[in-house]
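Numbering (UniProt numbering), first residue to last: 1 to 257. We put the beta carbon where it would ideally sit given N, CA and C, even for glycine.
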Amino acid sequence: MDYVYLPLTSPRCTRVIRLQGAPDPSNPIIFKLVEISLANIQCEPYDALSYTWGGQPLDRLVSCGSKALSITANAEAALRRLRWKKKARHVWVDAICINQASVAERNVQVTNMGDIYRRAERVLIWLGEATPNAEMAFRIMRDFWRMVKPISTRRGVRSRIAKAKKDDGPWEPDGFDGMKSKLLSKLTRDQRAQLIRGVVDIQSRPYWERVWTLQEVGLCRHADSCLVFCGALEPVSLWFLESIPRAFQTMELPGID
């Protein structure tokens, strides 16, 4: 039997997914939809998903309150990645938490979007599944971050990034000299090329091309509460993903034509 949405009790209410934990990623996706009031400052804590889903068919079946609910493949992949192994996780997902068949409800919920993302504990960005190039880029960027972090305060680095974006210049935090060559010297020519392809892969995902997803990110409390997920890779903060790939983009990678 298909899931049937119950009307929300007030315009200031929305639904969140109570996503059942699963020890194995291949386990079926099971959840319930729970109504919360945005007017209640003590409402159930939740995370908000930011992802792309437009144009995809509703060809994946999941269990919602023991009933069948059709969702997109990208939503299914995101839920499969985001669920915890044991305890339930509360997540707001627009395509699921809003009754898409009701124009009236959609219109009301659009007016709540700002509060929904601002009230979220975390905003979870889903870029889609990882590729081998993206996996390597994430690994190298993490190694690079471990080297840079001790010499750069968060405020200092962010101000430099902002200036670099404004001036279209390179990001060069204090003490950065020599770190590029030190890290890159450990890579073969093929690995350097793969690194570049990985950074391009990450930054050319459809997610970054959608105005509304970037608006959702802009509503999160702060950059560290905005986590980026790509496949099964360990998530990173949005601040990390803003900073480190830019540093690699401005690097001169020897051996790459």
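Just measuring C-alpha positions, the residue of Thr9, Arg119, Lys85 sitting nearest glutamate 44 is Arg119. At a Cβ-Cβ threshold of 9 angstroms, threonine 14 and isoleucine 41 do not count as neighbours. Taking each of Thr188, Ala137, Ser26 in turn and checking the Cα distance to valine 200, the smallest one comes out for Ala137.
Secondary structure of aspartate 2 (DSSP, three-state): strand. Counting C-beta pairs with one atom in each stretch, the region 89-98 and the region 195-210 have fewer than three that are closer than 8 angstroms, which means they do not touch.
Between the C-alpha atoms of isoleucine 30 and serine 63 there is a straight-line separation of about 5 angstroms.
Per DSSP, reduced to three states, the secondary structure at arginine 89 is strand. Around the beta carbon of tryptophan 92, a 10 Å sphere encloses 16 or more other beta carbons of the protein chains shown; the residue is thus reported as buried.
At the C-beta level, leucine 214 and leucine 227 stay beyond 9 angstroms of one another. Spatial neighbours of aspartate 224 in its own chain (CB-CB distance under 7 angstroms, excluding positions within 5 residues in sequence) are listed in chain order as Ser237, Trp239.
Around threonine 52, the same chain offers Asn74, Pro206, Tyr207, Arg210, Thr213 as residues with beta carbons nearer than 7 angstroms, after the five sequence neighbours per side are excluded. A distance below 9 angstroms separates the beta carbons of glycine 128 and alanine 77. Here arginine 122 is buried: its Cβ has 16 or more other Cβ atoms, across all protein chains shown, within 10 Å. Per the C-alpha coordinates, the member of Pro7, Tyr3, Ala48, Pro25 positioned closest to serine 66 is Tyr3. Note that the C-beta distance between arginine 81 and glycine 231 is below 9 angstroms. Contact between leucine 19 and arginine 83 holds: their C-beta atoms lie close to 5 angstroms from each other, under 8 angstroms.
Taking a C-beta distance under 9 angstroms as the contact criterion, leucine 187 and isoleucine 116 do not qualify as a contact pair. By the Cβ-count criterion, serine 50 is buried, with 16 or more other Cβ atoms from all chains shown falling within 10 Å of its own Cβ.
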